[in-house]
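Below: one structure, written as structure tokens.
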Amino acid sequence: MRVRISKVVALAAAFVLTGTASFSGATAAVAGAHVQPKPTIVLVHGAFADSASWSGVIERLQQRGYPVVAAANPLRGLSSDAAYVRTVIDSVKGPIVLAGHSYGGAVMTNAAAGDPDVKALVYIAAFAPDKGESALELSNKFPGSTLGGTLAPVALGDGTNDLHIRQDLFRKQFAADVPKQQASLMAVTQRPIRDAALSEGSGEPAWKMIPSWFLVAGADLNIPVEAQRWMAERAGSRGTVEIRKASHAVGVSQPRPVADLIVRAAIAR
């Protein structure tokens, strides 16, 4: 009798445990079904830089589990650059947060227009033009930019020029708060921008339909600080961070607050 009772107790215990395990598994499956995937962060660099300028930001975003794509901005013309970045966006599945630096902000403003997958725009010391406005126009809207006097043009043979910053002036103009050796490497590897890209007017701006966040570089010599603040206010920025002593290369010198702002935009509802 004792053996039979023990068997019954054992069978009952097994049933309870099995039922509990099945219930827990079902609960986990239901809970998992409600977990939203993290958006992919698409980064768009600007003039006189390349995708490597995002390296510190990328590292911090990946540490937080975000998938990241750094687009290679052609820097040839606003509409054609935006068309290329749009192909990058179209290749990404799921929700997207776009972040653009400098001229890259103008490119993403055009590339994201009308795209339902782009959930947020993050402007990092960047241009946020309205329809018809150019980067050149916005940089001259307020005093403070000293970029023009540092540029060295190279004729392209079609009446336009490639522009790059003179290497001996690069750090002071573009990356004053970046270590000297690193800024020297950035000067050598900078990618020129075609002058026509800076003077081309923007199309319909994505920031009128997509929520935006802005980071203002307080010691920027490329885009005047007042212009950055003005663009953020006009776009109805949902969060503006200003780093008082940051140079134009704020993504290189201050990758953590840049990544923090991108994550802030990514988790916003």
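Residue numbers (mature numbering (1 follows the signal peptide of the UniProt record, and there is no 0)): -28 to -1, 1 to 241. Beta carbons: idealized from backbone N, C-alpha and C, even for Gly.
Asked: Name the one or two DSSP bridge partners that Arg166 has.; Found: Asp134
Asked: Could you tell me which of Pro125, Thr59 and Ala189 sits nearest to Arg163, measuring between CA atoms?; Found: Pro125
Asked: Note the first and the last residue of the continuous beta strand (DSSP E) segment covering Phe186.; Found: Ser184 to Ala189
Asked: Run the CB neighbour count on Pro101, radius 10 Å, all protein chains shown included, and call it buried at 16 or more, exposed below.; Found: buried
Asked: Just to confirm the assignment, what range does the alpha helix (DSSP H) spanning Thr81 have?; Found: Tyr75 to Ala83
Asked: May I have the straight-line CA-CA distance separating Val16 from His220, to the nearest angstrom?; Found: 15 Å
Asked: Assign Ile(-24) to one of three DSSP states: helix, strand, or coil.; Found: For Ile(-24), the predicted structure reports a pLDDT of 38, less than 50, and the residue's modelled location is therefore unreliable. A value from the coordinates is still provided. Helix at Ile(-24).
Asked: For Gln35, which of Arg241, Asp232, Gly66 and Ala237 has the nearest alpha-carbon?; Found: Asp232
Asked: DSSP puts Ile68 in a beta bridge; with which residues?; Found: Thr12 and Val90
Asked: Suppose you measure from the CA of Ala78 to the CA of Gly175; what does that come to, to the nearest Å?; Found: 10 Å
Asked: Do you know offhand how far Gly37's Cα is from Lys10's?; Found: 8 Å
Asked: Look at Ala191 and Ala218 and say whether their C-beta atoms are less than 7 Å apart.; Found: yes
Asked: Does DSSP put Leu123 in a helix, a strand or coil?; Found: strand
Asked: For a test of the three-state rule: what should DSSP assign to Ile30, helix, strand or coil?; Found: helix
Asked: Below 7 Å CB to CB, which residues in the same chain sit around Ala54 once its five sequence neighbours on both sides are set aside?; Found: Val79, Asn82 and Ala83
Asked: In whole angstroms, give me the CA-to-CA distance for Asp69 and Arg143.; Found: A small correction: the amino acid at residue 69 is Val; Asp does not occupy that position in the sequence shown. Cα to Cα, the separation comes out at about 30 Å.
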